[in-house]
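Here's the structure we're looking at; comments come further down.
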Amino acid sequence: MLDFELPTELQALRERARALAAEGVAEFGAHTDSWINGYSKEFSKRLSTEGWIGMTWPTEFGGGGQSNLARIIMGEEMISVGAPIAASWFADRQMGPALINYGTPDQQAEFLPGMLSGESTWCIGMSEPDAGSDLANLKTSAIRDGDVFVVNGQKIWTSFAATSDYIYLICRTTTDGPPHKGVSEVIVPMDLPGIEVRPIKDMTTNQHFCEVFFTDVRVPVENLVGDEGAAFKQTMTQLEHERGGIDRLVSNKPLYLRALAAADTDDPLVRQEIAALETGYRLGRILVYREVLKQAPAGFSAATKCFCTEHQQRVANFAARTLGMEAVTDSLATHAFAYNPAYTIMGGTSNVMRNILGERVLGLPREPRV
Ligand SMILES: Cc1cc2nc3c(=O)[nH]c(=O)nc-3n(C[C@H](O)[C@H](O)[C@H](O)COP(=O)(O)OP(=O)(O)OC[C@H]3O[C@@H](n4cnc5c(N)ncnc54)[C@H](O)[C@@H]3O)c2cc1C
21 MLDFELPTEL QALRERARAL AAEGVAEFGA HTDSWINGYS KEFSKRLSTE GWIGMTWPTE
81 FGGGGQSNLA RIIMGEEMIS VGAPIAASWF ADRQMGPALI NYGTPDQQAE FLPGMLSGES
141 TWCIGMSEPD AGSDLANLKT SAIRDGDVFV VNGQKIWTSF AATSDYIYLI CRTTTDGPPH
201 KGVSEVIVPM DLPGIEVRPI KDMTTNQHFC EVFFTDVRVP VENLVGDEGA AFKQTMTQLE
261 HERGGIDRLV SNKPLYLRAL AAADTDDPLV RQEIAALETG YRLGRILVYR EVLKQAPAGF
321 SAATKCFCTE HQQRVANFAA RTLGMEAVTD SLATHAFAYN PAYTIMGGTS NVMRNILGER
381 VLGLPREPRV
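First residue of the sequence shown: 21, per the working numbering; consecutive thereafter.
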């Protein structure tokens, strides 16, 4: 028999996380998709005090050595109510684990403590104007000149570039060989000369997105993470982490709860829709648990991301129908609707996720290119 009850210590963690999340919302407001929209360094420092940044990192690197399940429970409580965890989420989820896996001891000593304390914020410089889904097409270059890389090019859609201390840059260190070769990962401090950041306002009026321009930016070669020219695999592993998490499922729960309170539950069609959403939520959560417990097949996070983010869009559509005019007069609802398309774009679009599922997981033949 499958037992879905959590052990007592994880239940206790859930209660503590719920209490701190409520404090965060009371003080800094509730945010749709708060792991990317709710930016508060102060709140991140409180997470750090609880040991909730790097809670799954090994203890020898200053982490908490806790289970992935513990982190998911903490994250679920925070994001479900919109608590502002964005200032530390990227470093906690991606940059820290990347440095632990591929970084040098000097890099680990220099960068991990700032991440763990919530002092340093990080952004991810992957997408470019002509390289989003097709990441191998990226052009930003980092060409070696003695003991520095000279970086030139442009990134776009870089969340938090305007407020981050470092950009984790995916760039091309050589143009020789096939496109996915010659890609490297380099840590670039955002205060180096030659970096220009231009925020982009999205249709929710949020400005976390930025364009980032690099002109002859000189970065010490010691900031290369992993092997030069061989980072494509590292980047793909990070994207696996990025796609299969609870952050893809619970980001508009406050909107769902508001719509549920307003729903006419005497209407059998509404009742059916609620049952379908509740089922979808539970299925999504099982998929995420399978990912974090490492029980899912390789590449399956593409399917998990697709299912969970499309669930979030079904929630928004339900809320629009249920709330009626309130949907355009209430600020939480209008913000959540305007934001809605982002779920199935960021971290890889649903089309691309379905390609990965078909080709890499199910082994279906690729459509011949004409
Ligand atoms: C809220 C948000 C935050 C983001 N934050 C960051 C960030 O911090 N750092 C960062 O680097 N990027 C970030 N991004 C960018 C994001 O990763 C890209 O937008 C995404 O990968 C899609 O790339 P693109 O926008 O270039 O679209 P394109 O790749 O140009 O795609 C356009 C359309 O074509 C379809 N398409 C493309 N290729 C295929 C294919 N092979 N088969 C079928 N259909 C295809 C896509 O599904 C899409 O519908 C963020 C995006 C969002 C929405």
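C-beta: ideal position from N, C-alpha, C; glycine also.
When C-alpha distances from Pro-213 are compared across Phe-233, Thr-52 and Val-206, the shortest belongs to Phe-233. Within the chosen limit of 8 Å, ligand 1 does not reach the beta carbon of Asp-267 with any heavy atom. Bounds of the beta strand (DSSP E) holding Gln-174 are 168-175.
Straight through space, the alpha carbons of Asp-284 and Glu-346 are spaced by roughly 15 Å. For Ile-207, the pairing in a beta bridge is given by DSSP as Tyr-188. For Ser-108, the enclosing alpha helix (DSSP H) has its first and last residue at 106-110. In this structure, Val-270 has its CB at a distance of at least 8 Å from all heavy atoms of ligand 1. No residue range can be given for Thr-195, since it is assigned to no alpha helix (DSSP H) and is classified by DSSP as neither H nor E. Rounded to whole angstroms, the separation of the alpha carbons of Val-335 and Arg-91 is 24 Å.
When Asp-126, Ser-100 and Phe-131 are compared, the shortest CA-CA separation from Ala-111 is found for Phe-131.
Unbroken alpha helix (DSSP H) runs of no fewer than 4 residues, entirely contained in the segment 24-107, are found at 28-48, 54-57, 61-69 and 88-101, following chain order. Ile-365 sits in coil when the DSSP states are folded into three classes, being neither helix nor strand.
When DSSP assignments are scanned along the segment 316-378, the uninterrupted stretches of alpha helix (DSSP H) that are 4 or more residues long and fall wholly within it turn out to be 321-343, 346-349, 351-359 and 370-376. Taking a cut-off of 8 Å on C-beta distances, the segment 130-144 touches the segment 55-67, as three or more cross pairs fall below it.
Classified as exposed, Ile-306 has fewer than 16 neighbouring CB atoms from the shown chains inside 10 Å of its CB. In this model, Gly-367 and Ser-153 are separated by some 9 Å (Cα to Cα). Excluding residues up to 5 positions away in sequence, nothing lies with its Cβ nearer than 6 Å to the Cβ of Phe-24 in the same chain. Counting along the chain, no alpha helix (DSSP H) covers Asp-222, and no H or E run does either. Counted as a single uninterrupted DSSP element, the beta strand (DSSP E) harbouring Thr-235 occupies residues 230-240. By a beta-carbon distance limit of 8 Å, Met-98 does not contact Trp-142. Their separation comes to about 18 Å.
Distances from the alpha-carbon of Ala-50 to those of Ile-93, Thr-349, Leu-382 and Ala-356 put Ala-356 closest. Remark: the C-beta of Met-75 is outside contact range of ligand 1, defined as less than 8 Å to any heavy atom. Here DSSP, grouped into helix, strand and coil, assigns Asp-287 to coil. Across the structure, Gly-102 and Arg-291 are spaced so that their CA atoms are roughly 26 Å apart. By the C-beta criterion, the segment 235-254 is judged to be in contact with the segment 197-214, since at least 3 inter-stretch pairs fall below 8 Å. In the structure shown, Ala-251 adopts coil according to DSSP, grouped into three states.
Arg-386 carries a coil assignment under DSSP once its states are collapsed to helix, strand and coil.
Using a cutoff of 8 Å, the CB of Cys-328 does not count as near ligand 1, since none of the ligand's heavy atoms is closer than that. The continuous alpha helix (DSSP H) containing Gly-134 extends over residues 125-137.
In the three-state reduction of the DSSP assignment, Ala-181 falls in the coil class, being assigned neither a helical nor a strand state. Taking a cut-off of 8 Å on C-beta distances, the segment 157-165 does not touch the segment 73-92, as fewer than three cross pairs fall below it.
Between Glu-298 and Lys-325, the alpha-carbon positions lie close to 17 Å from each other. If you draw a straight line from the Cα of Asn-172 to the Cα of Phe-229, it is about 20 Å long. Just so you know, the alpha carbons of Phe-169 and Pro-240 end up roughly 6 Å apart. Shown here, Val-270 sits in coil according to DSSP, grouped into three states, outside any helix or strand. The shortest CA-to-CA distance from Leu-67 to any of Ala-32, Ala-107 and Ser-87 is the one to Ala-107.
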